[in-house]
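Protein chains in written order, with the numbering used here: chain V, 11 to 123; chain H, 31 to 146. Even for Gly, the Cβ is constructed at its ideal location relative to N, Cα and C. Note that this is a predicted model, so its numbers are computed, not measured. Beneath this line is the structure, given in structure tokens, with notes to follow.
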Amino acid sequence: AQTVTQSQPEMSVQEAETVTLSCTYDTSESDYYLFWYKQPPSRQMILVIRQEAYKQQNATENRFSVNFQKAAKSFSLKISDSQLGDAAMYFCASQGGSEKLVFGKGTKLTVNP
Amino acid sequence: DTGVSQDPRHKITKRGQNVTFRCDPISEHNRLYWYRQTLGQGPEFLTYFQNEAQLEKSRLLSDRFSAERPKGSFSTLEIQRTEQGDSAMYLCASPRGRLAGVDEQFFGPGTRLTVL
């Protein structure tokens, strides 16, 4: 069974600053994948970034990067140069061989102008 | 817009009534997932189709729930004899790849169900 834990229900950041969202996970699978999804208010959930567990190099997508610590089962998301449009719920998720996503409870990110 | 559509976007019903939701995935996606998201929680997996075959169902999917995907295109999720605990956002998602394996899932906007 897979579990995903997001211990920060809410976070806030000043525009242009950097914020890190935490995520820990547990899985018995040897091959798995980790994701961060963004859910803006009343809008569709979209993928922010993904990480294959077999890759040691941390994934980056423009202003978004992850810190993947496999031994610690930690997968944090760093948002640099935060923008007002980054305000949303952020969900960490894992995916193993069964393909279904297992989500954490989410972190609500507020970006202050 | 991810290309996945769901209808209706909102549904208010009285306890005991039946409701049906529809999901239209991106046309070339042969896999389709249903998730349920309650307030303050992340989405939880309900069921999964590959083409028209329903391959996996969660324990959350009680006997009152049924899902279909005729002809491997759109999918419907029906809840019979709704209960207040069924109030949630029902999300549909489809991965891009045609082969089994990990791939980005594209989510629809969801159907928000309120059971009075």
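Cβ-based burial, ILE89 of chain V [other Cβ within 10 Å; buried from 16] | buried
Pull up the distance between the alpha-carbon of PHE101 of chain V and that of GLN49 of chain V, whole angstroms please.
-> 8 Å
Extent of the continuous beta strand (DSSP E) run through THR50 of chain H | Membership of THR50 of chain H in the beta strand (DSSP E) is indicated by the continuous run 49 to 54.
Would you verify that the beta carbon of PRO73 of chain H is, or is not, closer than 7 Å to some beta carbon of chain B?
-> Absence of chain B from the displayed structure is noted, the protein chains being V and H.
Would you kindly report the start and end of the unbroken beta strand (DSSP E) that includes CYS122 of chain H?
-> Residues 118 to 125.
From this set, V:SER32, V:PRO51, V:GLY95, V:THR70, which residue's C-alpha is nearest GLN24 of chain V's C-alpha?
-> Ranked by how close their Cα comes to the Cα of GLN24 of chain V, the residues V:SER32, V:PRO51, V:GLY95, V:THR70 have V:GLY95 in first place.
Identify each residue in the stretch 55 to 69 of chain V for which the Cβ-Cβ distance to at least one residue of chain H is less than 9 Å, and report them in chain order.
-> Against chain H - using a Cβ distance shorter than 9 Å - the residues of the stretch 55 to 69 of chain V are MET55, ILE56, LEU57, ARG60, GLU62.
Would LYS2 of chain V pass as a contact of TYR35 of chain V if the rule is Cβ separation under 7 Å?
-> Missing from the structure shown is residue 2 of chain V; chain V here goes from 11 to 123 and no further.
Answer yes or no: does any C-beta atom of chain H fall closer than 7 Å to that of GLY116 of chain V?
-> yes
Output yes if chain V places a C-beta closer than 7 Å to the C-beta of GLY102 of chain H; else output no.
-> Between GLY102 of chain H and chain V, the shortest Cβ-Cβ separation is not below 7 Å.
Is there at least one non-hydrogen atom of the ligand PLP closer than 6 Å to the beta-carbon of PHE74 of chain V?
-> Here there are no bound small molecules, and the ligand PLP is not part of this structure.
Shortest alpha-carbon distance to CYS53 of chain H belongs to which of H:LEU91, H:PHE75, H:GLN47, H:ASP37?
-> CYS53 of chain H has its Cα closest to that of H:ASP37, out of H:LEU91, H:PHE75, H:GLN47, H:ASP37.
Using a Cβ cut-off of 7 Å, pull out every chain H residue sitting near PHE101 of chain V, in sequence order please.
-> GLY72
In chain order, what residues of the same chain have a beta carbon less than 6 Å from the beta carbon of GLN105 of chain V, not counting five sequence neighbours either side?
-> So the qualifying residues of the chain are TYR43, LEU111.
Nearest-angstrom beta carbon gap, GLN16 of chain V and THR117 of chain V [assumed within contact, 8 Å] | 5 Å
Going along chain V in order, which residues have a C-beta closer than 9 Å to the C-beta of TYR78 of chain H?
-> In chain order: SER108, GLU109, LYS110.
Given that PHE85 of chain V touches chain H, what residues does it touch there, using C-beta distances under 9 Å?
-> Result: empty, since nearest Cβ-Cβ is about 14 Å, beyond 9 Å.
Among the residues of its own chain, which have a CB less than 6 Å from the CB of TYR64 of chain V, if the five just before and after it don't count?
-> none
Between ALA130 of chain H and the rest of its own chain, which residues show a CB-CB distance below 8 Å, the 5 nearest in sequence each way excluded?
-> Model confidence at ALA130 of chain H stands at a pLDDT of 49, short of 50, so the residue's coordinates are unreliable; what they give is reported in the following sentence. Cβ within range, chain order: ARG61, GLN80.
Apart from the five residues on each side of it in sequence, which residues of its chain come closer than 6 Å, Cβ to Cβ, to GLU62 of chain V?
-> Excluding positions up to five away in sequence, the list reads TYR43.
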